[in-house]
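Engineer: In this note's numbering, the protein residues as written are 1 to 490. Backbone N, C-alpha and C fix where the C-beta goes; we use that ideal spot for every residue, glycine too. Here the structure is a predicted model, which means the values were calculated and not measured. This structure is in structure tokens; I'll ask about it shortly.
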RNA sequence: CGGGGCGUAGCGUAGCCCGGUAUCGCGCCUGCUUUGGGAGCAGGAGGUCGCCGGUUCGAAUCCGGCCGCCCCGACCA
């Protein structure tokens, strides 16, 4: 049936569209355990590229990788009051091992602050041991009620950075720096615009003094928290006795930060860039940037065309114009018994940014037909000196995808000028980002959440705030304490 | 855990009301013809009808219980 081949459209049912896209493009599949999923090679390939880019950025900012264990003594989690309260309900707890009941239950890490600051305490005596700048790539488990592929699963992959500093100012600088790293990554690699800012108390990480986040807008106008960075103050240092002797010879508690992004970003990528034909992967994160589809009729044509396709791939891969280690990622799809059109649809579903069609006519003219995934534009390119042309085209696509996503967000963003009644109507209908004044009262925040499902995503950083700051609170009309960003969220 | 929906071949489904061991499409395998936007024809493989129990000569179908999944709510990256 022809209809089987088409995805549910975004307009019909965004949620169904997302699920179908993830399954059919083979990013992931449901596993037998409710709420957990298998990340398939297509999805893992994107995650690997995310990891590589981020890891380079972490190293460039002075961090080192380490690995801390999966199991944490239950008592550790209880040492920081807010932290236990925040995580206890969603922890998986191991009570038996080796056929016996354990003396003390082990918690499967929902995050690693406790074990890590316990170890930092062991390794730190002097201010000379600071700062400690560490990161780990790991899996974590949070027993969620409602799950969604990539966006919320029982187990997910992430990185968690953990640092210890001698001063509060240094820790604050670190938390802000890493938020900036995330923002750069999301904009430059994911082509996903974000609003950065500080979380209100109700959305703050359990155990943090301040939480900062990057908020992106999905195509259904809902917000996705894509990365967080926490200034932990001395909360964990005090709970785990993480002390050092300062230059004056006095004992002092260290200041900590933690920051993380997860495989949730893959879901964000889908919901930012996907269209009704499938996924669109920004070139910098695409495991395959260019797919070559050979076109032939007769046997002798096949040999000639497939041969030329492989030769072209080898030439493209050999090109070092982007640097010796950043080669063009090219695949030839020479499968037989499948019509070229069918291959086009498949690679479009999977989001490969650029397709090259190579047939006898192209060979005769020493050219190749290119087709962009983002705009569907086709153009004949001369075969001579093709690699730099493709590299440039890929850059254009990357930039275009970011510009489009940003324009889409701006079109769905309202700054000021709304009454609360209008706001409620908006959130009840199409939704979007709304910048408005807030009197700073958590009760108002709770009321809005109750009435509209919308929450304060962040108190935006200066550059995102409106030119003219709102003076009154959206809900109460009282003087505004902050300008905040309201939206419904994932 | 509350509300709604659904479990029949790898996927999507018909059959269920009105009992007689299973329909169709996609996919898969083989062969031939095809191949510049989702190929055609012919042949073929594949099913404990979610699980357990009951009623019956006989259960996908009727009855009871259980399990699982998806969607909507309360919690969260």
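Skipping 5 residues on each side, what residues in its chain have a beta carbon closer than 8 Å to that of residue 125?
Structural biologist: Start at 1 with the first residue of the first chain, and residue 125 comes out as number 125. Counting only Cβ-Cβ distances below 8 Å, and skipping sequence neighbours, we find 244 and 245.
Engineer: Who are the Cβ neighbours of residue 362 in its own chain at under 7 Å, not counting the five residues just before and after it?
Structural biologist: Walking along the first chain from the start, residue 362 turns up at place 362. Once the five neighbours on either side are set aside, the close Cβ partners of residue 362 are 368 and 369.
Engineer: In its own chain, which residues sit with a C-beta less than 7 Å from the C-beta of residue 90, not counting the 5 before and 5 after it?
Structural biologist: Walking along the first chain from the start, residue 90 turns up at place 90. Here the set comprises 110, 142, 143 and 144.
Engineer: If we ignore side chains and look at the alpha-carbon of each, how far apart do residue 44 and residue 27 end up?
Structural biologist: The sequence position of residue 44 within the first chain is 44, counting from 1. The sequence position of residue 27 within the first chain is 27, counting from 1. So the two alpha carbons sit approximately 7 Å from each other.
Engineer: With three or more beta-carbon pairs closer than 8 Å as the criterion, would you say the segment 116 to 136 touches the segment 276 to 294?
Structural biologist: Short answer: they don't touch.
Engineer: Would you kindly check if the distance between the Cβ of residue 228 and the Cβ of residue 260 is under 8 Å?
Structural biologist: Here residue 260 is taken as the residue at index 260 of the first chain, counted from 1. Here residue 228 is taken as the residue at index 228 of the first chain, counted from 1. Yes.
Engineer: Name the one or two DSSP bridge partners that residue 243 has.
Structural biologist: Start at 1 with the first residue of the first chain, and residue 243 comes out as number 243. Note: residue 243 sits in a beta bridge opposite 253.
Engineer: Between 464, 380, 387 and 488, which lies nearest to residue 428 when the distance is taken from Cα to Cα?
Structural biologist: Sequence index remark: in the first chain, residue 428 carries index 428 (1-based). The option with the nearest alpha carbon to residue 428 is 488.
Engineer: Run through DSSP, which three-state label would residue 439 get?
Structural biologist: As a working mapping, residue 439 is identified with position 439 in the first chain. Coil.
Engineer: For residue 349, name the three-state secondary structure that DSSP assigns.
Structural biologist: As a working mapping, residue 349 is identified with position 349 in the first chain. Reduced to three states, the DSSP call for residue 349 is helix.
Engineer: Within 10 angstroms of the Cβ of residue 123, are there 16 or more other Cβ atoms? Answer buried if so, exposed if not.
Structural biologist: Position 123 of the first chain, counting from 1, holds the residue named residue 123. The residue in question, residue 123, is exposed, as its Cβ has fewer than 16 Cβ neighbours within 10 Å.
Engineer: Compute the Euclidean distance between the alpha carbons of residue 366 and residue 382, then round it to the nearest angstrom.
Structural biologist: Within the first chain, numbered from 1, the residue matching residue 366 stands at position 366. Within the first chain, numbered from 1, the residue matching residue 382 stands at position 382. Each residue's alpha carbon lies about 6 Å from the other.
Engineer: Excluding five sequence neighbours on each side, which residues of the same chain lie with their C-beta closer than 7 Å to the C-beta of residue 183?
Structural biologist: The residue given as residue 183 occupies position 183 in the first chain. Closer than 7 Å at the Cβ level, and outside the excluded window around residue 183, lie 194, 196 and 214.
Engineer: With contact counted as at least three CB pairs below 8 Å, one residue from each stretch, are the segment 164 to 175 and the segment 38 to 52 in contact?
Structural biologist: These segments do not touch.
Engineer: Going along the chain, which residues of its own chain have a beta-carbon closer than 7 Å to the beta-carbon of residue 217, five neighbours each way excluded?
Structural biologist: As a first step, residue 217 is located in the first chain; it is residue number 217 there, counting from the start. Excluding residues within five positions, the ones whose Cβ falls inside 7 Å are 223, 409, 412 and 433.
Engineer: Give the secondary structure of residue 45 by DSSP, where H, G and I count as helix, E and B as strand, and everything else as coil.
Structural biologist: Position 45 of the first chain, counting from 1, holds the residue named residue 45. Three-state result, residue 45: helix.
Engineer: Taking residue 31 and residue 158 to be in contact with their CB atoms under 8 Å, please state how far apart those CB atoms are, rounded to whole angstroms.
Structural biologist: The residue labelled residue 31 in the question sits at position 31 within the first chain. The residue labelled residue 158 in the question sits at position 158 within the first chain. Not a contact, Cβ separation roughly 18 Å.
Engineer: Could you give the uninterrupted runs of the alpha helix (DSSP H) lying entirely in the segment 392 to 444, keeping only those of 4 residues or more?
Structural biologist: Segments of the alpha helix (DSSP H) lying fully in the segment 392 to 444: 420 to 428.
Engineer: Between 415, 321, 161 and 234, which has its C-alpha nearest residue 57's C-alpha?
Structural biologist: Within the first chain, numbered from 1, the residue matching residue 57 stands at position 57. Among 415, 321, 161 and 234, the Cα nearest to that of residue 57 belongs to 161.
Engineer: Considering only their Cβ atoms, is the gap separating residue 236 from residue 492 smaller than 8 Å?
Structural biologist: The first residue shown for the chain is 1 and the last is 490, placing residue 492 beyond what the model contains.
Engineer: Give me whichever residues DSSP pairs with residue 486 in a beta bridge.
Structural biologist: What you label residue 486 is simply residue 486 of the first chain in a count that begins at 1. Answer is 434 and 456, bridged to residue 486.
Engineer: Quick check on the burial criterion: 16 or more other C-beta atoms within 10 angstroms. Buried or exposed for residue 201?
Structural biologist: Position 201 of the first chain, counted from the start, is the residue given in the question as residue 201. Classification for residue 201: exposed.
Engineer: Counting C-beta neighbours from all protein chains within 10 Å, is the total for residue 264 16 or more, i.e. buried, or is it exposed?
Structural biologist: Taking the first residue of the first chain as 1, we reach residue 264 at position 264. The residue is buried, with at least 16 neighbouring Cβ atoms inside 10 Å.
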